[in-house]
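Beneath this line is the structure, given in structure tokens, with notes to follow.
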Amino acid sequence: MSSLVSVVAPIYNEGPGVDRFVRRLTEVLGDAGLRYELVLVDDGSSDDSWDRIVQQAVADEHVRGIQLSRNFGKEPAVLAGLEHAAGDAVVVIDSDLQHPPGAIPAMVQRWRDGAHVVEAVKRNRTGQGIVSKLGGKVFNRAFTGLTKVDLVNATDFRLLSRPAVDALLKMPEHSSFFRGTSSWIGFRRTTIEVEIDHRTGGASRWTFKSLFRLAVNGLTSFTSAPLHLVTLVGLAFAAFSVLLGTQTLIRWLRGASVAGFPTVILLLLVMGTFVLLGLGVIGEYLARIHEEVRGRPRYLVQEKSAQSATTAVPEQ
Ligand code: UDP
Ligand code: MG
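Next up, the structure:
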């Protein structure tokens with residue numbers, strides 16, 4: 011039997027976009043003559059997205075829907091999709107049609123040619139993905155530098171082979187960061203260039219707060235560099251204090267009057283800032299540890315669309 015390709019898409023309040031998305035994918039995958047399934051994960055939408063998914067699932071046996079019990083965020087939604095996908099290759103794609111579904115057949119071809127991970131990278135840099143919105147390139151560069159996980163021009167639009175998916179699912183982290191983890195696993199990889207389209211409907215779901223969380227999660231789960239930085243800054247300040255102390259002592263011994271009220275205030279401020287920042291950085295890691303230790307499930311499924319026998323997948 012020919013191999014099965016799963017397409018996983020997280021959906022949050024996409025409304026009519028759901029139908030558009032399914033239509034477009036059916037077109038592309040059908041034309042390519044692939045054996046496929048569409049795994050649509052409703053990330054606790056408050057609009058009619060879930061109803062539309064169910065309708066699509068009823069109408070087309072290729073479509074399966076999973077509804078999370080509330081809005082968990084894109085990362086857990088993708089994870090839910092990966093865990094429920096049965097394919098020999100799994101493609102993760104945004105449901106807002108910003109990732110061109112037309113690229114999927116080419117990605118599948120690369121996989122057939124032996125790649126385990128096929129990443130779609132942006133050809134046009136004008137897109138306004140997560141990274142560009144976060145003050146973009148700076149974050150990207152810093153992240154890449156600190157974590158050795160290359161994010162520049164990367165997207166979440168990826169194909170993973172079954173072994174790669176299984177490897178990814180073995181990672182027990184609570185705060186997963188798909189773009190990072192799917193690079194971390196390694197495996198034979200290749201990239202294809204795609205045009206990232208502008209949003210066709212609705213608005214981007216990212217708020218500054220959620221982007222900031224993503225950035226902090228991404229960093230803390232991939233590197234301890236900020237912690238080491240805090241230590242280094244602490245050491246630098248210690249050295250500085252010793253120097254300043256020595257100088258002051260010498261001047262005092264020589265009988266010079268030791269002025270410098272402003273200096274004291276300034277130093278207090280600077281020190282205070284670094285101490286608080288340092289505590290904050292440590293706190294972030296502590297929060298991560300706390301989260302991991304609690305070990306709560308990363309998402310909860312409320313409902314699944316009725317499955318027709320042909321696409322039924324063994325449960326885990
Ligand atoms: N999404 C989700 N849960 C959320 C936010 C977004 O499942 O809490 C989905 C959304 O439906 C879309 C994808 O994640 O398919 C990317 O979201 P969006 O287009 O808002 O992000 P951007 O393209 O601006 O990075
Ligand atoms: Mg988008």
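Each number in the numbering used here corresponds to the 1-based position in the sequence shown with 10 added. All C-beta atoms in this analysis are idealised placements derived from N, C-alpha and C, irrespective of residue type, glycine included.
Asked                                                                                                                                                            : Found
Sort 195, 228 and 290 by Cα distance to residue 240 and report the nearest one.                                                                                  : 290
Could you check how far apart the C-beta atoms of residue 204 and residue 132 are, in whole angstroms? I think they sit under 8 Å.                               : 7 Å
Just grab the DSSP bridge partners of residue 52 for me.                                                                                                         : 21 and 77
Contact between the region 300-320 and the region 265-283 is defined here as three or more beta-carbon pairs at a separation below 8 Å; is this criterion met?   : no
From which residue to which residue does the alpha helix (DSSP H) around residue 241 run?                                                                        : 235-263
Determine the closest residue to residue 76 out of 308, 309, 65 and 52, with distance taken between C-alpha atoms.                                               : 52
Measuring only the C-alpha atoms, how far is residue 7 from residue 245?                                                                                         : This structure cannot speak to residue 7, because the chain is shown only from 11 to 326.
DSSP three-state call for residue 219: helix, strand or coil?                                                                                                    : helix
Straight-line CA distance for residue 283 to residue 243?                                                                                                        : 12 Å
Looking at the secondary structure, which residues open and close the alpha helix (DSSP H) in which residue 29 lies?                                             : 27-41
For the alpha helix (DSSP H) holding residue 114, just list the boundary residues, first then last.                                                              : 114-122
Tell me, to the nearest whole angstrom, how far the beta carbon of residue 309 is from that of residue 67; I am working on the premise that it is less than 8 Å. : Their Cβ separation, rounded to whole angstroms, is 19 Å, which puts residue 309 and residue 67 out of contact at 8 Å.
For residue 220, tell me which candidate among 187, 199 and 60 has the shortest Cα-Cα distance.                                                                  : 187
I'd like the list of long-range same chain contacts for residue 312, defined as Cβ closer than 6 Å, with 5 residues on each side in sequence excluded.           : 77 and 79
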